[in-house]
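Number of protein chains: 2
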Amino acid sequence: MSILLKNVHLLESPENERTDVLIRDGKIAVIGKGAADSAKETAGCETTDCSGRTLMPGLINCHTHAYMSLMRNYADDVPFATWLFDRIAPVEDSLSNEDAYYGNLLSIMEMLRTGTTAFADMQMFPRMAVKACADSGMRALITRGLVGESRDDEGAKRRLQEAFDEMEYGKEIGAPCDFGLGPHAIYTCGKDLLRYVGELAAEKDLRVHIHLAETQYEFDTCMKEHGKTPVEYLDSLGLLDREILLAHCVYLTDGDYELLKRPNVHVVTNPASNAKLANGFAPVKRMLEEGIQVALGTDSAASNNSLNMFGEMRLLTMAQKGVSKDSLALTAPETLDIAVKNGAAAIGRCDLGAAEEGKTADLILIDENAPSLRPLYNRKASLVYSASGYEVTDVMIGGKFVFRTGEYLTIDAEKVLFETERIAARYR
Amino acid sequence: MSILLKNVHLLESPENERTDVLIRDGKIAVIGKGAADSAKETAGCETTDCSGRTLMPGLINCHTHAYMSLMRNYADDVPFATWLFDRIAPVEDSLSNEDAYYGNLLSIMEMLRTGTTAFADMQMFPRMAVKACADSGMRALITRGLVGESRDDEGAKRRLQEAFDEMEYGKEIGAPCDFGLGPHAIYTCGKDLLRYVGELAAEKDLRVHIHLAETQYEFDTCMKEHGKTPVEYLDSLGLLDREILLAHCVYLTDGDYELLKRPNVHVVTNPASNAKLANGFAPVKRMLEEGIQVALGTDSAASNNSLNMFGEMRLLTMAQKGVSKDSLALTAPETLDIAVKNGAAAIGRCDLGAAEEGKTADLILIDENAPSLRPLYNRKASLVYSASGYEVTDVMIGGKFVFRTGEYLTIDAEKVLFETERIAARYR
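Those protein sequences? They're chains A and B, same order as listed.
Plus 42 on top of the position in the first sequence (first one is 1) and you've got the working numbering.
Plus 42 on top of the position in the second sequence (first one is 1) and you've got the working numbering.
As structure tokens, then:
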């Protein structure tokens, strides 16, 4: 199947230049003059006029917990410990697989609506996340959250087994998912388990996804218990030699920056969650100056409370400019790169993150007639500083539309809203 | 004319409680059981079923320059002086009245779309702002920007005359506008002019709207030239005895808080503009603790670059929580009060800012089926932490719908987009 997108504006092209893009076999086959001719030679090619729309690669949300939209706005304006232990954890522990399935779909609905085409997920219900992705066509890097002291810990063994089972399940049902290993954090996983995860990741060529240096308390405790910063500690266990996503990295020392520079290390910053849970602002400007790769995540809807990557881009750049008192900190192009290109690198999918021939067609269309984006002097600035996310009209993943002119094509939205309200009623 | 809104959720009512609201003669006439009966007795009452929607007072944007959406995304990621003197000012100086009319309407379109029902505007083109409000039905407090050394300064006299002329014009054409005096700043207005503005404000019972303590440079220069902080200096000229809107107030000393506590003083915080222009974060948490009245503004689309008050609320609370490392800083209800109730007080319209019987019907409806707001555990949290602004479906000002189920009823949106693009083409 192929689709010809006519008269699109590309993000990089001049204001008045429109072009055509041919999508074939899930990839961007031709951009430019040749696209229409190639389309003629392609049987059953569908043509869409995209006048007045910008085409760009989808945003990549590199840290979330998709089932947790079930706890959106359930516990706000409370201290971190109350939030986690008294409010969120009891609900989380009482969720069924079916509940989690609808929670995952609700998150996917919000992400698609606001132009996200892939996410990196740390899950308690990985099978349900895989199923939700398969059913909706959403792309994800799924990691089952792991906790426990050592490789012999029964809980850890069970969760690791689940992680591997879901990889098989994902392949069976053809889910658009990649898989990794998700040790929760250095304070919930013992030394031996962390080392073992690193060994497994090397052996099976899997990415690792972990929370790191999120709170002052985590930093202080790590220094006290191990005489190392969280980053140094993780490095001492071999994990910074792996392809790894480090969510948060708010508390860093000068020495930590050196360790984070490796090409296999991806810091995922979550500005809303860090601000809202009162952990402060990660030193993203400095990380970029040091040459560290930074991607962007929303964290879950229970701590954000939104999965809208446009809002997250805006908060990221605003916070960095405000904290550093430097209006040139995180320019619009840099911020977009963090949300798109660096996201693709973080989830190990360098076939994504660019509207270029040969790349996989994970693409979104933006309505240039939205008053919020007018007049159009500078597309990149308008997307970072002015867009709300609701200017997204269409979302395509792997060459297939999943959201089109404001409608979900693969999700029964009414049912998801009904089911999630039914679940929420239990906790009100 | 009257309108019966059936089955609305009010912001303050429990999750399952729906009610009816009768709007009559521009006011909220009846809330609750009696509304439907009163409607029957009212000739020509229109009834709308609002199931699945929340009714709340419209947001009040207390500091902007509406014509400046013409410069949206025109000058980003540059230092403040480059932004203002090299990029914005030359465009501003070359705008015609007609240009400004369309710029004002573009801003009004964005504000209505995202639930703002009134704004406080410091204008270079006050007549065009008044006309745009009259034509669209938008409410505003208009102040003509004033600059000059003294009351005898020719430019100052001309601008003051304009200010008074536009008040007359507004009355003539029945614009839904109030008027005040807008001395630009302490660094663009001399002592005598500022004193004179204070005298005129007292004599004619007008509000004053000024930029204050926005930058470190302004603070340092004021200390050097006058031996006083900007707040102390303005007080020494009698202006803090007037009803006054102080936009920004980023740089404050301990002593300044005392001076800002007066009931006639309204601080207007503009978190996006302050962050983006690298002025930092205003100490809003402390201002609230000190009992200072704080309202919220977006500043102009040239420095924000959005007029979406939902985005602004979110940034405000996130930044305050992040800076103070206090997750209880600026709770959702406090943030909403700042954007609504305090805004009404700031613009001197205590008939606005609440969905209560007897209040003027400046109201908005919110789509509760938006995935971004689901599930609905806590309406106020969902509006502050999760909403993008595009969940707003309907906007009513003075009892008349001006935006309904996503359509502008009083603005030719296509023409405004066409005209503003035509103007922008000159500057590309």
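All C-beta atoms in this analysis are idealised placements derived from N, C-alpha and C, irrespective of residue type, glycine included.
All of these numbers come straight from a predicted model, not from anything done at the bench.
Short CB-CB distance (under 8 Å) between residue i and chain B
i: F261 (chain A); result: no
i: A403 (chain A); result: no
i: R129 (chain A); result: no
i: E57 (chain A); result: yes
i: A174 (chain A); result: no
i: R66 (chain A); result: no
i: R470 (chain A); result: yes
Backbone CA spacing between residue i and residue j [nearest angstrom]
i: Y432 (chain B); j: I453 (chain A); result: 21 Å
i: I465 (chain A); j: E399 (chain B); result: 35 Å
i: L202 (chain B); j: E196 (chain B); result: 10 Å
i: S136 (chain A); j: E59 (chain A); result: 54 Å
i: L370 (chain B); j: S424 (chain B); result: 16 Å
i: T89 (chain A); j: D177 (chain A); result: 25 Å
i: G269 (chain A); j: T185 (chain A); result: 29 Å
i: N115 (chain B); j: A205 (chain A); result: 46 Å
i: Y275 (chain A); j: L301 (chain A); result: 11 Å
i: F443 (chain A); j: Y419 (chain A); result: 29 Å
i: S138 (chain B); j: L287 (chain B); result: 28 Å
i: P56 (chain B); j: R421 (chain B); result: 9 Å
i: Q362 (chain B); j: F323 (chain B); result: 8 Å
Backbone secondary structure at residue i - three-state DSSP
i: S44 (chain A); result: strand
i: E332 (chain A); result: coil
i: A403 (chain A); result: coil
i: F221 (chain B); result: strand
i: Y238 (chain A); result: helix
i: K266 (chain A); result: helix
i: K422 (chain A); result: helix
i: C231 (chain B); result: strand
i: F443 (chain A); result: strand
i: F323 (chain B); result: coil
i: D194 (chain A); result: coil
i: L64 (chain B); result: strand
i: G187 (chain B); result: strand
i: A85 (chain A); result: coil
Test: residue i CB closer than 8 Å to a CB of chain A
i: L112 (chain B); result: yes
i: S136 (chain B); result: no
i: V273 (chain B); result: no
i: G339 (chain B); result: no
i: A320 (chain B); result: yes
i: N49 (chain B); result: no
i: N347 (chain B); result: yes
i: T462 (chain B); result: yes
i: L459 (chain B); result: yes
i: S424 (chain B); result: yes
i: N306 (chain B); result: no
i: F323 (chain B); result: yes
i: A317 (chain B); result: yes
i: A314 (chain B); result: yes
Pick from the options that is closest to residue i, judged by C-alpha positions
i: I476 (chain A); options: A:A396, A:A344, A:M43 and A:E245; result: Residue 476 (chain A) lies beyond the range of chain A shown here (43 to 470); nothing can be said about it.
i: K233 (chain A); options: A:L248, A:E285 and A:R193; result: A:R193
i: V326 (chain B); options: B:D79, B:L338, B:L319 and B:Y109; result: B:L338
i: K401 (chain B); options: B:G440, B:A412 and B:V307; result: B:G440
i: A217 (chain B); options: B:Q258, B:E300 and B:R169; result: B:R169
i: D283 (chain A); options: A:A244, A:S55, A:K69 and A:C104; result: A:A244
i: P413 (chain A); options: A:F167, A:L407, A:S430 and A:P121; result: A:S430
i: L372 (chain B); options: B:L330, B:E354 and B:G76; result: B:L330
i: A77 (chain B); options: B:G385, B:A387 and B:L46; result: B:L46
i: A455 (chain B); options: B:L405, B:M151 and B:C231; result: B:M151
i: N347 (chain B); options: A:K303, A:I389, A:K199 and A:S428; result: A:S428
i: V309 (chain A); options: A:S93, A:Y299 and A:A317; result: A:Y299
C-beta neighbour in chain E for residue i, strict 8 Å
i: R446 (chain B); result: The chain inventory of the structure shown lacks chain E, comprising the protein chains A and B.
**Message:** Residues of the segment 350-374 of chain B in Cβ contact with chain A at a cutoff of 9 Å, in chain order, please.
**Reply:** Cβ contacts with chain A come from N350, F352, G353, R356, L357, T359, M360, A361, Q362, K363, G364, V365, S366, K367, D368, S369, L370, A371, L372, T373 and A374.
**Item:** Within 7 Å of chain B by C-beta, residues of the segment 136-170 of chain A in sequence order
**Value:** If the cut-off is 7 Å between Cβ atoms, the segment 136-170 of chain A has L148, M151, E152 and R155 near chain B.
**Request:** Could you please tell me which residues of the segment 409-421 of chain B, in chain order, have their CB closer than 7 Å to any CB of chain A?
**Result:** If you check each beta-carbon in the segment 409-421 of chain B against every beta-carbon of chain A, the ones closer than 7 Å belong to N411, P413, S414, R416, P417, Y419 and N420.
**Asked** Which residues, in order along the segment 374-400 of chain B, keep a beta-carbon less than 9 Å from a beta-carbon of chain A?
**Response** Those residues of the segment 374-400 of chain B that come within reach of chain A (Cβ to Cβ, closer than 9 Å) are A374, P375 and E376.
**Asked** Listed in chain order, which residues of the segment 93-123 of chain B have Cβ atoms closer than 9 Å to some Cβ of chain A?
**Response** S111, L112, M113, R114, N115, Y116, A117, D118, D119, V120, P121 and F122
**Asked** What residues in the segment 428-444 of chain A bring their beta carbon closer than 7 Å to a beta carbon of chain B?
**Response** S428, S430, G431 and Y432
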